[in-house]
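Per this note's numbering, the very first residue in the sequence shown carries number 1; after that it's consecutive.
What follows is a set of notes on a single structure, which appears directly below.
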Amino acid sequence: MQKENLAKEKKTKFLDITTQKEIAKLGMTISMGLVVLSAFNTKSKFGKNLHIISGAALVGFSYYHTKLYTKNNTNKE
1 MQKENLAKEK KTKFLDITTQ KEIAKLGMTI SMGLVVLSAF NTKSKFGKNL HIISGAALVG
61 FSYYHTKLYT KNNTNKE
(Lines of atoms letter the chains of each structure in order from A; the text may use other names.)
(Lines give C-alpha, C1' and ligand atoms only; values in the text may rest on other atoms or scores of the structure.)
Protein backbone atom coordinates (compact mmCIF):
# COMPACT_ATOMS: atom_id res chain seq x y z
CA MET A 1 0.00 0.00 0.00
CA GLN A 2 2.79 2.45 0.87
CA LYS A 3 4.66 1.62 -2.33
CA GLU A 4 1.58 2.49 -4.37
CA ASN A 5 1.22 5.83 -2.57
CA LEU A 6 4.90 6.63 -3.14
CA ALA A 7 4.58 5.73 -6.81
CA LYS A 8 1.56 8.02 -7.19
CA GLU A 9 3.36 10.82 -5.38
CA LYS A 10 6.38 10.53 -7.66
CA LYS A 11 4.20 10.61 -10.77
CA THR A 12 2.24 13.68 -9.67
CA LYS A 13 5.29 15.84 -8.97
CA PHE A 14 6.12 18.20 -11.81
CA LEU A 15 9.85 18.46 -11.04
CA ASP A 16 11.97 16.15 -8.94
CA ILE A 17 13.81 17.46 -5.89
CA THR A 18 17.19 17.64 -7.64
CA THR A 19 15.81 19.85 -10.41
CA GLN A 20 14.10 22.09 -7.87
CA LYS A 21 17.38 22.51 -5.98
CA GLU A 22 19.20 23.42 -9.19
CA ILE A 23 16.53 25.99 -10.08
CA ALA A 24 16.79 27.53 -6.61
CA LYS A 25 20.60 27.74 -6.86
CA LEU A 26 20.39 29.28 -10.32
CA GLY A 27 17.82 31.81 -9.14
CA MET A 28 19.99 32.77 -6.18
CA THR A 29 23.03 33.20 -8.42
CA ILE A 30 21.23 35.39 -10.94
CA SER A 31 19.52 37.54 -8.33
CA MET A 32 22.77 37.98 -6.39
CA GLY A 33 24.50 39.10 -9.59
CA LEU A 34 21.72 41.61 -10.22
CA VAL A 35 22.01 42.93 -6.67
CA VAL A 36 25.74 43.50 -7.11
CA LEU A 37 25.45 45.07 -10.55
CA SER A 38 22.52 47.30 -9.64
CA ALA A 39 24.33 48.55 -6.55
CA PHE A 40 26.59 50.63 -8.78
CA ASN A 41 23.66 52.53 -10.27
CA THR A 42 21.38 53.33 -7.32
CA LYS A 43 21.17 57.03 -8.17
CA SER A 44 18.64 56.41 -10.93
CA LYS A 45 15.11 55.35 -10.10
CA PHE A 46 15.34 52.26 -12.32
CA GLY A 47 18.60 51.13 -10.71
CA LYS A 48 17.22 51.61 -7.22
CA ASN A 49 14.05 49.66 -8.02
CA LEU A 50 16.04 46.89 -9.70
CA HIS A 51 18.28 46.67 -6.64
CA ILE A 52 15.32 46.34 -4.28
CA ILE A 53 13.46 43.81 -6.43
CA SER A 54 16.52 41.64 -7.02
CA GLY A 55 17.29 41.74 -3.28
CA ALA A 56 13.78 40.55 -2.52
CA ALA A 57 14.15 37.82 -5.16
CA LEU A 58 17.41 36.72 -3.52
CA VAL A 59 15.66 36.41 -0.16
CA GLY A 60 12.81 34.47 -1.77
CA PHE A 61 15.08 32.05 -3.60
CA SER A 62 17.15 31.57 -0.44
CA TYR A 63 14.04 30.68 1.53
CA TYR A 64 12.89 28.32 -1.22
CA HIS A 65 16.32 26.69 -1.30
CA THR A 66 16.33 26.25 2.47
CA LYS A 67 12.88 24.64 2.44
CA LEU A 68 14.08 22.07 -0.11
CA TYR A 69 16.60 20.75 2.42
CA THR A 70 14.20 19.58 5.13
CA LYS A 71 14.56 16.38 7.11
CA ASN A 72 11.94 14.72 4.89
CA ASN A 73 14.09 15.25 1.78
CA THR A 74 17.32 13.57 2.82
CA ASN A 75 18.49 12.55 -0.65
CA LYS A 76 22.23 12.05 -0.81
CA GLU A 77 23.75 13.69 -3.86
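Built from N, CA and C at the ideal position, the CB exists for glycine as well.
Exercise for the section: Can you tell me which of the three DSSP states Phe-40 falls into? Expected result: Within the sequence shown, numbered from 1, the residue matching residue 40 stands at position 40. Phe-40 falls in the helix class under three-state DSSP.
Problem - Element boundaries [alpha helix (DSSP H), containing Thr-66] - result: Along the sequence shown, one-based indexing puts residue 66 at 66. Thr-66 -> alpha helix (DSSP H) spans 45-68.
Handout entry: Buried versus exposed call for Ala-56 [16 or more other C-beta atoms within 10 Å across all chains shown]
Key = Numbered from its first residue, the sequence shown carries residue 56 at position 56. Classification for Ala-56: exposed.
Exercise for the section: Give the DSSP-derived three-state secondary structure of Leu-15 in the structure shown. Expected result: Indexing the sequence shown from 1 puts residue 15 at position 15. Looking at Leu-15 - three-state DSSP - the assignment turns out to be coil, as it is neither helix nor strand.
Exercise for the section: Could you check which residue in Ala-24, Phe-14, Tyr-63, Leu-37 has the C-alpha nearest to that of Ile-52? Expected result: Translated into positions along the sequence shown, residue 52 becomes position 52. With distances taken between Cα atoms, Ile-52 lies closest to Leu-37.
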